[in-house]
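Let me begin by presenting the structure, written as structure tokens, before commenting on it.
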Amino acid sequence: MATPTLDKTDKAEAGFADTPYITATFRIRRFNPEISDEVQWQDFQLSIDPKERVLDALHKIKWEQDGTLTFRRSCAHGICGSDAMRINGKNRLACKTLIKDINPEKPITVEAIKGLTVLKDLVVDMDPFFQAYRDVMPFLVTKGNEPTRERLQSPEDRERFDDTTKCILCAACTSSCPVFWNDGQYFGPAAIVNAHRFIFDSRDEAGEQRLEILNDRDGVWRCRTTFNCTDACPRGIEVTKAIQEVKRALITRRF
Amino acid sequence: MQIHKYDTVIVGAGGAGMRAAIESTKRSRTAVLTKLYPTRSHTGAAQGGMAAALANVEEDNWEWHTFDTIKGGDYLVDQDAAEILAKEAIDAVLDLEKMGLPFGRTPEGKIDQRRFGGHSRNHGEAPVRRACYSGDRTGHMILQTLYQNCVKEGVEFFNEFYVLDQLVVEVDGVKKSAGVVAYELATGEIHVFQAKSVIYASGGTGKFFKVTSNAHTLTGDGQAACYRRGLPLEDMEFFQFHPTGIWRMGILLTEGARGEGGILRNKDGERFMEKYAPVMKDLASRDVVSRSIYTEIREGRGCGPEGDHVYLDLTHLPPEQLDAKLPDITEFARTYLGIEPYTDPIPIQPTAHYAMGGIPTNVEGEVLADNTTVVPGLYAAGEVACVSVHGANRLGTNSLLDINVFGRRSGIAAAEYAAKNDFVELPEDPARLVQDQVERLRNSTGTERVHTLRTELQECMDANVMVFRTEQTIKTAVDKIAELRARYLDVSIQDKGKRFNTDLLEAVELGNLLDLAEVMATSALARKESRGGHYREDFPNRDDVNFMRHTMAYREVADDGTESIRLDYKPVVTTRYQPMERKY
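The listed protein sequences derive, respectively, from chains S and B. Using our numbering, you'd call the opening residue of the first sequence number 1 and step up by one each time. Using our numbering, you'd call the opening residue of the second sequence number 1001 and step up by one each time.
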């Protein structure tokens, strides 16, 4: 058994002990149709510990400088999926992005995710995103009588779809996809990830139906394998791989 | 203003709300009003597991589970309710599996189970493997599975609708629920929902603490709405501090980490829980572990330059086990602390986690207007409610269980009530209170800011009513809260618009937190004993003679408009377990 680590450097401690506050500039894309149809970029300067999250910075701005700044958030540690946004041009969760990791020497740009209608500041209309999710039958379908106890599933069969069960429906993947930007009809990566989660679940009996849905002209074949989605996923899901597996299942009808 | 009519209205779309919705939608025309998109709810942050005596990996039974729950709650648990919880746990887990929940599996393909704090074999002999889990994201999988089944059942959601008022009407001397009033975030419009049944499933109130595992949105909205309408709140002084929050941030690191073999150590590397809980050690109940951590810190054995935390040590566990069983929490340590849990221990401190108290209900989920009278048509389930299955301290994995068992029960009961009863007539001008509240905040030119008051509240609560309390600290909190409530009348906001006005809603939420903090501190001051999560240094022992009873707090408004809190007490339901000294 490893002995406790008195002699080791406590990394977190070293970091917290000498908190060097820095001055950072956040350049935020503002939009409020109640006031104006124009979009404008607004700079906010604040003094902040670079080990804090971008979400902390947004809160600091809202609470201390401009109460009208509007964004969604809830859990603040990357599990609820509320605060996907484009930070320095890349889709991330504001609560999972530390300021020190995104070069605070230059202005940090923050804008709403792309491809969904902006309603106010960083808030977008999520309804089309959830509609695509609902369209892939995102629930277990089984036939025949239910067993008295649980359905059995081997650890290997369970592992087969483990990766895609991690999805938090934050839309970081879908709104990073160039195909989705150009054509809002495309199901988008998140819906396909959630279809994958059931297609490859050994207990499910509606794989064929889901594959037919995704065989549609707005389905998986629109994917151009740019890997933006995989890069964007804050849960580390291999999104592009999942889409490829669905494509392969459509060709081989084996899953 | 719009008026809607539904048989059943559910407030909140976390685990309890969606479990209720799956039942009530099958039986009645149901609307779910939720301030967040359903999948954003904080059920999703639960990690370690859901308890049920499936006995899939070792001998277990629901009677042992009942006993552990009652002992864990330091005998403030209503024993009839705990028995229902433990008995129905088995079907609750099997139901979720059939709905598609991807549980971890044993080599034989059954649902796998792990150890968790306070869950024991044969009344405390040794830890037992009772927690059904899915990695360290069990809550996430429950929330997703329930949402998936809501999609399947065609549940009707009103997303980003904040319920701000509960309509209570007195008919022939009986308080009845007529519906709720909600504020639509997207438009600023006010909606009245007339309903035969209303179920509150709006979650906890942890945001009155600073270091907390709770989401920003957990502001006790449901509790406050009912309390302001004269309904009681039960056992609000009992709040759980989870032993292992990330140091200073409060982000939860599951007890499952200790269930998998993780060990708590002080600055000398000592496994200090052996001193405090010789049998269960690191898997003693959460109140015991949190107090032990702070005892170590107070006696100078805390870690770091300020000696203000201890370590959760996982370094002796194989990296493969951490990757397979604890992938999320190890990633939290890497993301937020820059720590590699394979090789370095993680700095932790207790974090405000769970409200044992809440809106009092019976085992059908019916809300109580006093010790015995139900409010016809009004239900509550999950953290917002107090059944009471958690008593003075909840066991880990019993909350994911609670939301499923009592969410289901209240969904069925509410829909059946709606089928047999007619609408209660709405009061005159039903949206008045909410309209006034919203307009006052929007038009206020006061000088107080929401952020300032909230920060002062949170710092006051952390300093005075956390793990250790005394008459003096609680009184300090009571006085400070009174001051903050007075200053709140002078609060103003910057965003005067109607569209997505989160500035306004944060002000409303602060009002809720202040009301509930006052109830909590007042209830804590009157409870001159130590029991479960409520520890009084000036009264360090449990006092079953005077205090084996639930606190019931009522808001009273005098003729001249002054508000006060009246405390009453309700007996604990005891069936087969007589109180014993609690040892782990």
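By construction, the Cβ of each residue, glycine as well, lies at the ideal position given by its N, Cα and C atoms.
Are C173/S and V220/S touching if we call contact CB-CB under 8 Å?
No, the Cβ-Cβ distance between C173/S and V220/S is not below 8 Å.
D1091/B versus V1389/B - alpha carbon distance
Straight through space, the alpha carbons of V1389/B and D1091/B are spaced by roughly 18 Å.
What's the C-alpha gap between T162/S and R197/S?
Before going further, note that residue 162/S is Asp rather than Thr in the sequence given. Roughly 8 Å separates the two Cα atoms.
Indicate the three-state DSSP secondary structure (helix, strand or coil) for V1163/B in the structure shown.
Here V1163/B sits in strand by DSSP.
The beta strand (DSSP E) spanning W221/S covers which residue range?
Careful: W221/S lies outside any beta strand (DSSP E) and carries neither H nor E.
Interface residues of chain B facing D66/S [CB-CB closer than 8 Å]
Those within 8 Å of D66/S in chain B are Q1494.
Cβ contact (3+ pairs, closer than 8 Å) linking the segment 1535-1542 of chain B and the segment 1039-1049 of chain B:
Taking a contact to require three or more Cβ pairs closer than 8 Å, the segment 1535-1542 of chain B and the segment 1039-1049 of chain B do not qualify as touching.
Assumed close pair L1208/B, M1466/B - CB separation to whole angstroms, cut-off 8 Å:
The sequence given here has Phe at residue 1208/B, not Leu. Wrong, their Cβ atoms sit about 11 Å apart, outside the cutoff.
At a Cβ cut of 7 Å, what residues of the segment 115-141 of chain S count as close to chain B, listed as they run along the chain?
Only those residues of the segment 115-141 of chain S whose C-beta falls short of 7 Å from the nearest C-beta of chain B are listed: L119, K120, V123, M126, R134, P138, F139, L140.
If I follow the unbroken alpha helix (DSSP H) through A190/S, where does it start and stop?
Its alpha helix (DSSP H) spans residues 189-199.
Beta strand (DSSP E) segments (min. 3 residues) lying fully within the segment 1297-1345 of chain B:
Listed in chain order, they are 1310-1313.
Compute the beta-carbon to beta-carbon distance between T164/S and A242/S, rounded to the nearest angstrom, for a pair I have assumed lies under 8 Å.
The beta-carbon distance between T164/S and A242/S, rounded to whole angstroms, is 5 Å. This is short enough to meet the 8 Å contact definition.
Per DSSP, what are the beta-bridge partners of W41/S in this structure?
DSSP, once it has assigned bridges, lists R29/S as partnering W41/S.
Just how far apart, CA to CA, sit D1370/B and A1553/B?
Distance between the alpha carbons of D1370/B and A1553/B is about 10 Å.
Could you tell me whether the Cβ atoms of G115/S and F180/S are closer together than 8 Å?
Yes, they are a contact pair.
For the pair the segment 1166-1182 of chain B and the segment 1192-1206 of chain B, tell me if three or more CB-CB distances fall below 8 Å.
With a cut-off of 8 Å on Cβ pairs, the segment 1166-1182 of chain B is in contact with the segment 1192-1206 of chain B, counting three or more such pairs.
Output needed for I1246/B: all residues of its chain with C-beta closer than 7 Å, excluding positions within five of it in sequence on either side, in chain order.
Correct list, in chain order: L1253, F1332, Y1336, L1337, I1348.
Short of 8 Å in beta carbon distance, which residues of its chain neighbour P4/S, apart from the five on each side in sequence? Order them along the chain.
Legend: pLDDT at P4/S = 43, less than 50; position of this residue unreliable, no value from coordinates given.
Using a Cβ-Cβ cut-off of less than 9 Å, give me the residues of the segment 202-227 of chain S that come near chain B, in sequence order.
Answer in chain order: R203, D204.
Among R1258/B, G1307/B, D1308/B, G1222/B, the one whose alpha carbon lies nearest that of T1315/B:
Nearest Cα to T1315/B within the set R1258/B, G1307/B, D1308/B, G1222/B: R1258/B.
I'd like the span of the beta strand (DSSP E) that includes L1033/B, first residue to last.
Counting along the chain, the beta strand (DSSP E) containing L1033/B begins and ends at 1030-1034.
Tell me whether L1054/B sits in a helix, a strand or coil according to DSSP, three-state version.
In the structure shown, L1054/B sits in coil (DSSP, three-state: anything other than H, G, I, E or B).
Around the Cβ of P1350/B, are there at least 16 other Cβ atoms within 10 angstroms (buried) or fewer (exposed)?
Burial call: buried.
DSSP puts H1550/B in a beta bridge; with which residues?
Residue pairing from DSSP places H1550/B in a beta bridge opposite K1570/B.
Tell me, please, which residues DSSP counts as bridged to S47/S.
According to DSSP, residue pairing for S47/S in a beta bridge involves T23/S.
9 Å Cβ cut-off: residues of chain B touching L93/S:
Chain B residues near L93/S: none, gap ~10 Å exceeds 9 Å.
Output yes or no for whether 8 Å exceeds the beta carbon distance between L46/S and I28/S.
Going by C-beta atoms, L46/S is not nearer than 8 Å to I28/S.
Between which residues of its own chain and E1556/B is the CB-CB distance below 8 Å, once the five residues before and five after are set aside?
Same-chain partners within the cutoff: E1563, S1564, I1565, R1566.
The segment 1141-1160 of chain B: which residues have C-beta closer than 7 Å to a C-beta of chain S, in chain order?
For chain S, the residues of the segment 1141-1160 of chain B that bring a beta carbon within less than 7 Å of one of its beta carbons are M1141, Q1148, N1149, V1151, K1152, in chain order.
Touching or not, the segment 1237-1245 of chain B and the segment 1351-1359 of chain B, by the rule of three or more beta carbon pairs under 8 Å?
As far as the Cβ criterion goes, the segment 1237-1245 of chain B touches the segment 1351-1359 of chain B, which means the pair count is three or higher.
Interfacial residues, the segment 1104-1129 of chain B to chain S, with Cβ spacing under 9 Å
Listed by position, the residues of the segment 1104-1129 of chain B near chain S (Cβ gap below 9 Å) are G1104, R1105, T1106, P1107, E1108, G1109, K1110, I1111, D1112.
Whose C-beta lies closer than 7 Å to the C-beta of A2/S among residues of the same chain, with five residues either side of it excluded?
For A2/S, the pLDDT reaches just 41, beneath the cut-off of 50, and the residue's location in the model is therefore unreliable, although a value from the coordinates is still provided. Counting only residues of its own chain and dropping the five nearest sequence neighbours on each side, A2/S has no CB closer than 7 Å to any other CB.
Tell me which same chain residues have a C-beta within less than 7 Å of the C-beta of L169/S, skipping the five on either side of it?
Contacts found: G81, Y133, A190.
Would V1450/B and L1510/B qualify as a contact pair, given that the criterion is a beta-carbon distance under 8 Å?
Judged by their CB atoms, V1450/B and L1510/B are nearer to each other than the 8 Å cut-off.
Give the residues of chain S in contact with Y1037/B, contact being defined as C-beta atoms less than 7 Å apart.
Within 7 Å Cβ-Cβ: M126.
Would you grab the beta carbon distance between R1594/B and E1483/B for me? Rounded to a whole angstrom, and I think it's under 8 Å.
The displayed coordinates of chain B run from 1001 to 1584. Any statement about residue 1594/B would go beyond what the structure contains.
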